[in-house]
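Chemist:
Number of protein chains: 2
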Amino acid sequence: MRTSIATVSLSGSLTEKLDAAARAGFDGVEIFENDLLASPLTPEDVRVRCADLGLRIDLYQPMRDIEAVPEAEFARNLRRARHKFELMRRLGAATVLVCSSVSPQAVDDDALAAEQLSRLADAARESGVRVAYEALAWGRHVSTYDHAWRIVEAAGHPALGTCLDSFHILSRGSDPQGIEDIPGEKIFFLQLADAPLLAMDVLQWSRHYRCFPGQGGFDVAGLVRHVLATGYDGPLSLEVFNDVFRQSEAGPTAVDARRSLLLLQEEVGKAPLPGPVLPTGVAFAELVTPDAEPLAALLGALGFTRTARHRGKPVGLWEQGDARILVNTGPAVRRDGARLAAIGLESPDPAAAARRAEALLAPVLPRRRAPEDAPLDAVAAPDGTELFFCAGDRPERPGWRADFEDTGRPPGQAGIRGIDHLALTQPWHHFDEAALFHRGVLGLHAQESVDVADPYGLMRSRAVTNADGSVRIALTVGAAPTDDTVHAQHIALATDDVVAAARRFRDAGGSPLPVPANYYDDLAARFEFADGELETYRDLGILYDRDAHGVFRHCYTRTVGRVFFELVQRDGGYRGYGAVNAPVRLAAQHAVRALTGG
Amino acid sequence: MRTSIATVSLSGSLTEKLDAAARAGFDGVEIFENDLLASPLTPEDVRVRCADLGLRIDLYQPMRDIEAVPEAEFARNLRRARHKFELMRRLGAATVLVCSSVSPQAVDDDALAAEQLSRLADAARESGVRVAYEALAWGRHVSTYDHAWRIVEAAGHPALGTCLDSFHILSRGSDPQGIEDIPGEKIFFLQLADAPLLAMDVLQWSRHYRCFPGQGGFDVAGLVRHVLATGYDGPLSLEVFNDVFRQSEAGPTAVDARRSLLLLQEEVGKAPLPGPVLPTGVAFAELVTPDAEPLAALLGALGFTRTARHRGKPVGLWEQGDARILVNTGPAVRRDGARLAAIGLESPDPAAAARRAEALLAPVLPRRRAPEDAPLDAVAAPDGTELFFCAGDRPERPGWRADFEDTGRPPGQAGIRGIDHLALTQPWHHFDEAALFHRGVLGLHAQESVDVADPYGLMRSRAVTNADGSVRIALTVGAAPTDDTVHAQHIALATDDVVAAARRFRDAGGSPLPVPANYYDDLAARFEFADGELETYRDLGILYDRDAHGVFRHCYTRTVGRVFFELVQRDGGYRGYGAVNAPVRLAAQHAVRALTGG
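For the protein sequence lines, the chains are A and B, in the order given. full-length UniProt numbering numbers the first residue of the first sequence as 1 and each following residue consecutively. full-length UniProt numbering numbers the first residue of the second sequence as 1 and each following residue consecutively.
(1) Below 8 angstroms on the Cβ atoms is my contact criterion, and I expect Ala338(B) with Gly561(B) to pass it. Report the Cβ-Cβ distance as a whole number of Å.
(2) Quick check on DSSP: helix, strand or coil for Pro268(B)?
(3) For the pair the segment 241-250 of chain A and the segment 4-19 of chain A, tell me if three or more CB-CB distances fall below 8 angstroms.
(4) List, in chain order, every chain A residue whose beta-carbon is nearer than 8 angstroms to that of Asp45(B).
(5) Looking at chain B, is there any beta carbon in it that lies within less than 9 angstroms of the beta carbon of Arg558(A)?
(6) On the DSSP bridge assignment, give the partners of Gly457(A) in chain order.
(7) With H, G and I counted as helix, E and B as strand and the rest as coil, what does DSSP make of Gly598(B)?
(8) Taking Cβ positions, are Ala492(B) and Val568(B) nearer each other than 9 angstroms?
(9) Decide if Thr557(A) is buried, meaning its Cβ has at least 16 other Cβ atoms within 10 Å, or exposed.
(10) Go ahead and label Val48(B) buried or exposed: buried means 16 or more other beta carbons lie within 10 angstroms of its beta carbon, across all protein chains shown.
(11) By Cβ distance below 8 angstroms, which residues in the same chain neighbour Arg90(A) in space, the five residues on each side in sequence not counted?
(12) Taking a contact to mean a Cβ-Cβ separation below 9 angstroms, would you say Leu361(A) touches Ala342(A) in this structure?
(13) Helix, strand or coil for Glu30(A) per DSSP?
(14) Mapping the DSSP letters down to three states, classify Arg439(B) as helix, strand or coil.
(15) Could you give the distance in angstroms between the alpha-carbon of Gly92(B) and the alpha-carbon of Ile57(B)?
(16) Just to confirm before moving on: does the CB-CB distance between Val563(B) and Gln447(B) stay below 9 angstroms?
(17) Can you tell me which residues form a DSSP beta bridge with Thr495(A)?
(18) Counting only beta-carbon separations shorter than 9 angstroms, does Ser9(A) have a partner in chain B?
(19) Helix, strand or coil for Gln447(B)? Go by DSSP, reduced to three states.
(20) Return the residue from the list Asp468(B), Pro104(B), Gly216(B), Glu405(B) that minimises the CA-CA distance to Ser449(B).
(21) Drop a sphere of 10 angstroms on the beta-carbon of Ala588(A), count the other beta-carbons inside from all chains shown, and report buried for 16 or more, exposed for fewer.
(22) Identify each residue in the segment 235-262 of chain A for which the Cβ-Cβ distance to at least one residue of chain B is less than 8 angstroms, and report them in chain order.
(23) Bridge partners of Gly344(B), per DSSP?
(24) Taking the beta strand (DSSP E) that Asn466(B) falls in, what are its first and last residues?
(25) Taking Ala39(B) as the query, report the chain A residues whose CB atoms sit under 7 angstroms from its CB, ordered along the chain.
(26) Quick one: what does DSSP say Ala323(B) is sitting in, helix, strand or coil?
(27) Taking 8 angstroms as the threshold, find out whether the segment 310-323 of chain A comes into contact with the segment 428-445 of chain A through three or more Cβ pairs.
(28) Distance, Cα to Cα, Leu112(A) vs Ala155(A)?
(29) Check whether the segment 114-130 of chain A touches the segment 63-83 of chain A, counting contact only when three or more Cβ pairs, one atom from each stretch, lie closer than 8 angstroms.
(30) If you compare alpha carbons, which of Arg439(A), Leu192(A), Thr476(A) is closest to Ile169(A)?
(31) Tell me which same chain residues have a C-beta within less than 6 angstroms of the C-beta of Asp420(B), skipping the five on either side of it?
(32) With a CB to CB cut of under 7 angstroms and the five nearest residues on each side skipped, what residues in its chain are close to Arg417(B)?
(33) With distances taken between CB atoms, is the gap from Ser103(B) to Arg76(B) smaller than 9 angstroms?
(34) Could you list which residues in chain B have their beta carbon closer than 9 angstroms to that of Val584(A), in chain order?
(35) Please report how far the alpha carbon of Asp484(B) lies from the alpha carbon of Ile473(A), in whole angstroms.
(36) Is there a Cβ of chain A sitting closer than 9 angstroms to that of Pro427(B), yes or no?
Now the structure itself:
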């Protein structure tokens with residue numbers, strides 16, 4: 001099916017929006033009138049520009065408050081409309097959107113509405129334009145899609161059809177089943193938007209909080225199935241009003257938008273994408289750093305040993321249990337300290353996983369970094385993290401290990417079993433797209449998001465996981481652009497005995513993150529502990545949580561660059577990530593930073 | 001009355017919050033448990049710190065989901081509570097807040113609730129603590145203040161009273177009249193918060209969108225009057241959960257908070273503040289710039305002449321009609337280009353205006369900048385703009401003029417009558433506090449705020465004015481921290497003939513902001529014009545708007561540094577600021593900037 005996007009969904013000038021839509025692979029655009037008015041391009045310029053970019057102008061949006069008004073008012077509206085139809089001829093746009101009136105002058109008279117829309121369609125037809133009439137959820141008298149359709153049907157005009165908009169239909173809780181009663185050829189256009197399920201004023205909800213399909217709570221795919229059942233063969237078009245998208249780079253937003261449409265098309269059986277290949281484990285986490293020493297000291301204190309080095313690059317492999325950490329000091333490293341740059345995901349079919357990611361517009365990375373390297377399938381996630389798909393042939397060495405030669409040292413044995421989870425800080429307000437990426441591209445399951453109070457602002461966190469929990473990624477985003485030294489990425493290491501691991505870490509010279517004594521007084525109030533248990537936690541800086549399934553104990557290292565480590569012990573099927581303790585951890589990190597200035 | 005603030009209303013560590021509250025002049029704080037848990041200070045440290053700062057700990061907030069639960073659960077709760085009462089003894093906090101339960105275990109049984117709260121109060125009394133029970137708006141069984149009071153009354157325990165919270169009462173639309181049925185000595189605490197009138201889920205509304213009294217839509221003063229009528233003599237305490245305040249500097253937020261309480265006390269007759277002295281006109285606008293030449297060229301093209309120079313400083317006075325612009329190239333000027341640094345407001349009583357501003361915590365600026373200068377009363381607005389209160393003795397020269405000596409040139413005569421309005425860009429998300437400042441401190445009237453679509457993000461704008469419109473200030477804020485070269489401040493100059501003024505400007509070598517041709521095609525569709533009228537507007541870059549009262553015509557200069565000028569003609573009582581044209585203006589400014597790189 002053809003895909004389209006409304007210019008209002010993207011940030012920037014009209015030319016920036018058109019370029020971004022074309023680069024993301026859209027077939028067409030809806031041009032929102034304000035974008036044209038503010039552009040120095042003439043309508044003819046825009047027409048040529050779109051043609052050069054391979055974009056069709058699927059819809060033009062200038063018309064409001066047209067119908068069911070007194071005759072003198074309608075005459076003014078018709079005059080205005082004729083101007084716009086002439087403009088559309090110059091622009092090469094064949095369909096105009098008319099939203100149901102919100103004017104206080106509009107009367108509740110379907111016959112009058114049908115008659116006036118019919119006259120509007122007469123005028124439109126003279127300019128080769130057709131009119132798509134849509135019910136706004138907050139329309140004065142017409143606010144449901146079936147009502148708009150009854151008026152269109154009553155008008156019976158060949159140049160008049162209806163436009164369906166998933167937001168206006170689903171936000172009102174209308175049953176989309178009735179869409180199938182509309183003949184497909186009378187559905188002139190289909191606009192799609194999702195939205196988080198917020199109990200708020202529908203106009204505000206619509207204008208500020210829409211999102212791309214799959215990012216919110218509506219069953220957009222279900223609605224599309226009903227529309228397709230009518231024989232509709234127009235484009236799927238995204239019309240998303242969103243405060244964040246308005247101020248984000250148009251290029252990445254357009255890519256996210258088109259990815260959401262591809263996933264939607266897959267869901268309704270209209271896009272033959274390569275199927276998802278779920279990752280089965282974490283092969284490695286790769287840290288890049290300008291200076292390996294602080295990380296080497298930290299990994300050493302955690303009980304890792306440097307078991308191998310890359311044959312051609314300054315990359316060391318540190319191992320313990322199934323936890324494998326690459327430390328890369330190569331030339332591509334930025335000077336701002338250590339950071340988590342790549343994740344190796346074990347995959348039953350790396351090439352197929354990469355094909356799906358590529359089909360879903362993830363940038364594909366070169367398969368070999370150097371001629372002598374083993375080929376690796378890799379893509380970039382929206383936050384820039386590189387995802388490598390690795391043959392999951394544990395306990396044999398996976399393919400990527402062939403690029404490393406052993407140092408002769410055995411893996412460490414200090415009680416770390418593997419990587420429990422990885423936490424990735426997302427760029428400001430690019431949270432929903434990250435969750436959709438990990439869900440749609442990797443096939444991971446997204447859990448509910450939780451608010452976490454940092455002393456300097458509210459954060460949100462959401463985990464994506466595979467079924468057995470062997471791949472867990474926590475996506476975190478701040479409430480505002482903030483200092484990412486504190487909102488750092490981290491690697492959580494799994495252990496069966498966090499007390500022993502924490503003690504070993506400290507005895508090996510590691511610096512645990514100090515936890516305030518008040519936290520332990522509160523634990524004493526909330527839970528009953530065995531003799532000495534709480535004192536042990538207090539001594540080692542171990543945090544504690546409990547859910548319906550089990551117990552979670554965890555502690556943290558200091559931060560190196562933008563990365564820190566966590567030691568975690570999950571017992572009895574505890575499912576969370578200790579979010580209740582995050583405010584204490586964040587405050588402690590701020591306090592350390594205030595002391596050390598780093 | 002004593003004033004207090006909850007630590008959750010401020011950003012930062014506990015010590016930062018306490019310092020900010022004390023500096024702003026609060027008498028006490030409510031300590032939110034998480035702030036204490038995350039602090040490295042012991043409870044005794046916090047007690048000493050508060051005493052040193054002159055702060056009383058008016059409330060401690062650790063208790064949730066206590067009452068009306070099965071006995072085994074209550075026993076656990078009581079155990080937890082005893083820990084907290086002991087903590088409060090160490091902290092020196094005498095009152096604990098208990099919110100009505102949201103636990104799924106809670107049962108709908110007022111007698112049980114009263115009995116368990118009574119036992120809780122017994123335990124509290126042993127530690128010298130009293131319990132304030134509050135109805136959460138989303139409490140499971142107890143969600144209204146009168147219900148909470150009935151339970152407290154039934155318990156009849158001397159250490160058990162109720163806590164009233166304006167948000168929980170007013171968000172549910174409860175009638176606060178009934179508060180007067182509660183004996184004042186049983187109201188143990190009063191928490192105040194305002195909120196914008198949003199139709200949204202009350203829990204989300206409460207957790208993210210509360211604001212300080214006077215910044216939202218609730219009648220907080222009306223509620224306080226009912227509380228005072230009971231004889232309540234505890235503190236007025238602010239408990240505001242707000243995503244923005246969480247990430248703003250604690251110091252300024254605390255000042256805004258206390259200012260809002262002072263204004264509230266004034267409203268209920270409890271704070272004898274110096275009364276407002278409304279400004280009667282704009283005496284001058286002062287621009288600072290590292291390089292006077294570009295501004296001199298621009299002012300010259302607009303028809304201003306440099307009529308005077310400051311006797312002691314590099315400040316020139318440019319005049320035309322009643323518009324007076326100071327151009328300051330003094331040493332305090334930052335290197336980032338011209339900006340609007342100060343506004344002279346004509347005032348019938350400058351000293352009294354300054355006294356009110358000072359009483360409302362506006363920083364007072366030195367009365368003389370140099371020993372030889374005439375004394376001037378001046379304060380800083382929250383955005384840093386200096387506000388000078390000038391003797392409003394027009395048409396005689398106001399006092400500040402005495403510091404200037406004439407150049408011998410007469411004021412310009414190119415059709416500018418005076419300053420129509422000044423537009424000030426506010427720091428990100430400090431919009432409501434700015435409106436409250438201008439309203440409360442200066443006595444201006446705040447109009448409704450409007451959304452304006454910039455190509456790169458949504459902006460909000462709100463005007464504050466005096467009754468006759470001779471002082472109009474438009475406060476504008478972006479949806480995110482954005483480039484303020486584009487979101488610049490501006491000075492709008494009033495003319496009775498914008499066509500002549502614009503033509504004169506162009507003929508004098510001025511560069512008007514170019515307006516796209518598409519804008520005029522749209523005007524032609526929307527309005528009917530006399531022959532040649534639209535062509536004139538198109539030729540001169542004049543924008544057009546109409547409201548129920550009259551017509552507005554306006555055009556813009558290019559931006560110099562961070563300032564630009566607007567020429568405006570208001571006819572027939574037009575009241576707005578041409579907001580409908582703002583997207584076109586903003587896009588044109590972006591386009592100019594993209595071309596010039598500046």
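Positions of the beta carbon are idealized from the N, C-alpha and C atoms, including for glycine.
Modeler: Straight from the coordinates:
(1) Contact between Ala338(B) and Gly561(B) holds: CB atoms are separated by about 3 angstroms, below the 8 angstroms threshold.
(2) The sequence given here places Val at residue 268(B); Pro does not occur at that position. Residue state for Val268(B) is assigned as coil, using DSSP reduced to three classes.
(3) Contact annotation: the segment 241-250 of chain A touches the segment 4-19 of chain A, with at least three C-beta pairs closer than 8 angstroms.
(4) Within 8 angstroms Cβ-Cβ: nothing; Asp45(B) doesn't reach chain A, min ~10 angstroms.
(5) Using a CB distance cut-off of 9 angstroms, Arg558(A) does not count as an interface residue toward chain B.
(6) By DSSP's assignment, Gly457(A) forms a beta bridge with Asp454(A).
(7) Because the pLDDT of Gly598(B) is 47, which lies under 50, any placement of that residue in the model is unreliable, and the question is left without a value.
(8) Cβ atoms of Ala492(B) and Val568(B): closer than 9 angstroms.
(9) Buried, because 16 or more other Cβ atoms sit within 10 Å of the Cβ of Thr557(A).
(10) Counting Cβ neighbours within 10 Å, Val48(B) comes out exposed, since fewer than 16 surround it.
(11) Contacts found: Thr42, Pro43, Glu44, Arg47.
(12) Going by C-beta atoms, Leu361(A) is not nearer than 9 angstroms to Ala342(A).
(13) Of the three classes helix, strand and coil, the one that applies to Glu30(A) here is strand, per DSSP.
(14) Helix, per DSSP.
(15) Spanning the two alpha carbons is a distance of roughly 7 angstroms.
(16) Contact check for Val563(B) against Gln447(B) fails: the beta carbons are separated by 9 angstroms or more.
(17) Answer is Ile416(A), bridged to Thr495(A).
(18) Chain B places no beta carbon closer than 9 angstroms to that of Ser9(A), leaving this residue out of the contacts.
(19) Of the three classes helix, strand and coil, the one that applies to Gln447(B) here is coil, per DSSP.
(20) Closest option to Ser449(B), Cα to Cα, is Gly216(B).
(21) The residue is buried, with at least 16 neighbouring Cβ atoms inside 10 Å.
(22) Shown in chain order are the members of the segment 235-262 of chain A whose Cβ falls below 8 angstroms from a Cβ of chain B: Asp243, Arg246, Gln247.
(23) In DSSP, Gly344(B) forms a bridge with Phe284(B), Phe388(B).
(24) For Asn466(B), there is no enclosing beta strand (DSSP E), since its DSSP letter is neither H nor E.
(25) The sequence as given places Ser at residue 39(B); Ala does not occur at that position. Ser39(B) reaches chain A at Pro516, Asn518, counting residues in chain order whose Cβ is nearer than 7 angstroms.
(26) Correct three-state label for Ala323(B): strand.
(27) Not touching, per the Cβ criterion.
(28) About 10 angstroms.
(29) Yes: the two stretches touch, three or more of their Cβ pairs being nearer than 8 angstroms.
(30) With distances taken between CA atoms, Ile169(A) lies nearest to Leu192(A) out of Arg439(A), Leu192(A), Thr476(A).
(31) The residues are Ala492, Ala494, Val568.
(32) If we look at Arg417(B) and ignore the five residues flanking it on each side, its Cβ neighbours are Gly321, Asp322, Ala494, Thr495, Asp496.
(33) No, these two residues do not count as a Cβ contact at 9 angstroms.
(34) Those are Asn34, Leu37, Ala38, listed as they occur along chain B.
(35) Residue confidence is low: Asp484(B) scores 49 on pLDDT, short of 50, so the model does not pin down where it sits. Its coordinate-derived value is still stated next. Distance between the alpha carbons of Asp484(B) and Ile473(A): 37 angstroms.
(36) No, Pro427(B) lies away from the interface with chain A (no Cβ there is under 9 angstroms from its Cβ).
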